[in-house]
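Comments concern the structure below.
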Amino acid sequence: MNYFKHLGIRWKLCIPLIFVMLLVLTLSGKSLYSEGLQAEAITVVTRQEIPALSMVQLANRDLYQAWVAERSMLTLPVKSEQYQLMQKMHDESITNASHSMEKLKSFQLNAEMKQLIEQFWKTYPEWVKVTKRIEQERSSNSRAGRSTAIGLSFNEGFELFQKTQHHLELITDVVAFNADERTDKLEEMHQNYRSGQLWLVGFSLFTCLGIIWFFPLLITGDLKNITQQIQALAKGGGDLTKRLKLDRRDELGELATYLDEFMSELHHLVTQIISNAQENNVHVSSLGEMSRKACQTAEKQVISMREVSASSQEMNVAIQDVSLSTSEVSDSTAKAGQSASEGGQQVSATQQSIGLLNESVEQAVAAISRIDDFTNKINSVLTIISGIAEQTNLLALNAAIEAARAGDSGRGFAVVADEVRGLANKTQSCTEDVNEMITNLEKSVRDAVQIMNQATERASVTKQASEKTQRAIDDMMMSMDHVTERTAQIAAVIVEQSKMAKHIQEEIHVIEAQSQESVEESSEVDQACRKLDELHRHLSQVLGKFTV
């Protein structure tokens, strides 16, 4: 008993469990063995003996059907339909009986069955030969054949049929007897298995009850003492000087030893806690006074930071106003620059137009000069035409004089000469008119050339003035760009100052928030000190429950 008592809890649990496991394995092994025997017997019955019995019964049925068909053929007309049906049934029954008995050979048979089957196969082929001969004699459809068939059927054939059927009946009886014997063995095995199972279950139940009763007594006694000690500690009190000192070498003994050591350490720890708590109370009081002073200082700092925040906010507003004004100046400068740029573009367009006009005037002057040249050439041509007209007039006059001299024969020529002279006069008159027109044209051309020259001079003067205007606009654009650049730099500086002012204001807000947090934390520290004081009093009450 002491040896078992000093064993570990693991072995105390394992030994009964191993014993129960052996019982379970015994039950399982016996069950498996019995089930194996039963399964083997059932397999033999279902796969060997019952199919064999079925084959023998089928062969017996087919043999009887063949014999009935043989007798029926003796009385039926050969050419009738019923005779054909009986003949077909006769042949099929013989074939089926042969197949059934052939299948019977594939089963596992004992010596008695094999001997009976050999006897069957000795008489069955002889009967088949006789019944086939009876069929042939009857199928000849003659009196002699019918008489021979009847004689064979009722004598030799019937005798062989009875022997064959007797062998089949013997085989059937042997198969049925073996199946019944196997069934009786199965029932006997089942009864033995059931009795053994009941005995093992009863023994296992008795063993388990013994384990349930005996095993807890080895643990619960000392475990109860340990539980009481731990329960006293769990309730927040107890005698810290009390020790268990169990005489065990198992896990409970180790637990009791460790619990005694824990009680010793706890006793020492509680003693130190009481001493430290008393000393801590003095420090908590001092810390509370310091936290209250820190809270007052933090409140003053919050007020100062609020004043600084208001000043920085006013400075930020002023910087924003300057930034807005600078932005407006920058916009105005940009608009003026844009207007100057547009004016410069218009002046450039004017210069281009004046240049084109100057070129057009020069082209017009050149064209008018060419017209003057053409008028001079026309005057030369008109002079030639005038000379030709005068000569023509003289020739016409000479022709008229010659026609007058010719008399009547020269009258026609005189008429022509008069016409030619009249035409020459008209040509002379037209030449003078054209000459007058050309003279007027030359005067107009000279006036136009003079006007064009004046326009060219004025265009040149206008072009020079526009170039001066363009240079002035370019200088103004450069000045505007410089002003815009300076304004942008000033705006950028103001934006940076605004950002810095905002950042300073944000930092001031952060410092103000931190100062406020410092006030709150100082208040919390003060509250924590008061809470610590309360906890110290409560801890003193709790530690007072322990006996040290």
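Whatever position you read off the sequence shown (first residue = 1), add 1 for our numbering. Backbone N, C-alpha and C define an ideal beta-carbon position, used for all residues, glycine too.
Residue burial classification, residue i (beta-carbon count within 10 angstroms, cutoff 16)
{"i": "Val511", "result": "exposed"}
{"i": "Ile402", "result": "exposed"}
{"i": "Trp200", "result": "exposed"}
{"i": "Tyr259", "result": "exposed"}
{"i": "Asn61", "result": "buried"}
{"i": "Leu395", "result": "exposed"}
{"i": "Asn179", "result": "buried"}
{"i": "Gln490", "result": "exposed"}
{"i": "Glu497", "result": "exposed"}
{"i": "Trp128", "result": "buried"}
{"i": "Leu18", "result": "exposed"}
{"i": "Gln273", "result": "exposed"}
{"i": "Thr432", "result": "buried"}
{"i": "Asn63", "result": "Per the sequence shown, residue 63 should be read as Asp rather than Asn. Buried, because 16 or more other Cβ atoms sit within 10 Å of the Cβ of Asp63."}
{"i": "Gly408", "result": "exposed"}
{"i": "Gln166", "result": "buried"}
{"i": "His91", "result": "buried"}
{"i": "Leu105", "result": "buried"}
Whole-Å CB distance - residue i paired with residue j, under 8 angstroms assumed
{"i": "Glu136", "j": "Gln85", "result": "At roughly 12 angstroms, the Cβ-Cβ gap does not stay under 8 angstroms, so Glu136 and Gln85 are not in contact."}
{"i": "Leu75", "j": "Ser143", "result": "No, Leu75 and Ser143 are not in contact; Cβ-Cβ is about 13 angstroms, not under 8 angstroms."}
{"i": "Ala1", "j": "Ala98", "result": "Summary: the structure shown does not reach residue 1, with the chain confined to residues 2 through 549, and so no result is reported for it."}
{"i": "Thr428", "j": "Ile386", "result": "7 angstroms"}
{"i": "Ser342", "j": "Gln471", "result": "That pair is no contact at about 12 angstroms."}
{"i": "Glu58", "j": "Thr173", "result": "Note on identity: in this sequence residue 58 is Gln, with Glu being the wrong assignment. Indeed they touch by this definition, with Cβ atoms about 7 angstroms apart."}
{"i": "Thr208", "j": "Leu26", "result": "Wrong, their Cβ atoms sit about 14 angstroms apart, outside the cutoff."}
Beta-carbon proximity of residue i to residue j, cut-off 9 angstroms
{"i": "Met114", "j": "Val176", "result": "yes"}
{"i": "Asp419", "j": "Ala397", "result": "yes"}
{"i": "Glu458", "j": "Ala425", "result": "no"}
{"i": "Ile1", "j": "Thr132", "result": "Absent from the model: residue 1. The displayed extent of the chain is 2 to 549, so no value can be given."}
{"i": "Arg139", "j": "Val79", "result": "yes"}
{"i": "Ala400", "j": "Val382", "result": "no"}
{"i": "Gln198", "j": "Leu33", "result": "no"}
{"i": "His168", "j": "Gln120", "result": "yes"}
{"i": "Leu117", "j": "Leu206", "result": "no"}
{"i": "Glu71", "j": "Gly158", "result": "yes"}
{"i": "Val21", "j": "Ile231", "result": "no"}
{"i": "Ile43", "j": "Leu187", "result": "yes"}
{"i": "Asn380", "j": "Asn454", "result": "no"}
Beta carbon proximity, residue i to chain C, threshold 9 angstroms
{"i": "Asp534", "result": "Of the protein chains in the structure, only one exists, and it is not chain C."}
Point to revise | Touch test, the region 148 to 166 against the region 46 to 53, Cβ-Cβ under 8 angstroms, three pairs minimum | key: With the cut-off at 8 angstroms, the region 148 to 166 and the region 46 to 53 do not touch.
Review point. Can you give, in chain order, each stretch of the alpha helix (DSSP H) that sits fully within the region 42 to 128 and has at least 4 residues?
Key: List check, alpha helix (DSSP H) in window: 51 to 76 and 82 to 105.
**Study point:** Any 3 or more C-beta pairs closer than 8 angstroms across the region 370 to 384 and the region 434 to 452
**Key:** In short, these stretches touch, since the Cβ pair count reaches three.
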